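**Student:** Its first residue numbered 9, the sequence shown is counted upward by one per residue in the numbering used here.
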Amino acid sequence: MNAAVLLVFGLLMTFVLETIVFIPLFLKKDGYFIGAFYCVNAATNLSLNVLLAGAVWLMEEVGVYIFSDGPAAYLLGCCTVLLEIAIVFIEYAVLKKFQPYKNLLVYVAGANALSAVAGSLFMAFFIASF
9 MNAAVLLVFG LLMTFVLETI VFIPLFLKKD GYFIGAFYCV NAATNLSLNV LLAGAVWLME
69 EVGVYIFSDG PAAYLLGCCT VLLEIAIVFI EYAVLKKFQP YKNLLVYVAG ANALSAVAGS
129 LFMAFFIASF
């Protein structure tokens, strides 16, 4: 499957899953907040996926294959978790400027956890299939 298709699919999957989590906040009908939500999610999702794809490509260029090298896969997994934590705080900081909802950090963390787990499962299935 083409890398661009994977990026688009990942972005759409993130939009759908994180929108489900944010429905209670979207019901307040704040258009700026909703627009900021989609913009910041697009930016962070694409940035993370491009960064991770670049890291995998770079590892393969130097002869390290994360699919067969346990320590490399572990290192990439740890980096992914740290980047996801950073993304939670980035998204929270941006969204808080548009609407400081009570428990916004919980919504952002929950939505990102759901999206990260689903994305990881999808990639595991994708890698196992091809």
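Think of the CB as a built atom: it goes at the ideal place given N, C-alpha and C, for glycine as much as any other residue.
Note that the structure is predicted; figures quoted are calculated from it, not measured.
1. Spatial neighbours of Val-48 within its chain, please: C-beta separation below 7 angstroms, excluding the five flanking residues on both sides.
2. Flag this pair as touching only if the segment 113-121 and the segment 27-36 have three or more C-beta atom pairs under 8 angstroms; answer yes or no.
3. With a CB to CB cut of under 8 angstroms and the five nearest residues on each side skipped, what residues in its chain are close to Gly-127?
4. Residues in the same chain with beta-carbon distance under 8 angstroms from Leu-112, minus the five sequence neighbours each way, listed in chain order, please.
5. Is Ile-31 helix, strand or coil by DSSP?
**Tutor:** A quick look at the data gives this:
1. Excluding positions up to five away in sequence, the list reads Glu-99, Val-102, Leu-103.
2. Counting Cβ pairs under 8 angstroms, three or more are found: they touch.
3. The residues are Gly-18, Met-21, Thr-22.
4. Around Leu-112: Leu-33, Tyr-100, Leu-103, Lys-104.
5. Assigned with DSSP and collapsed to three states, Ile-31 falls in helix.
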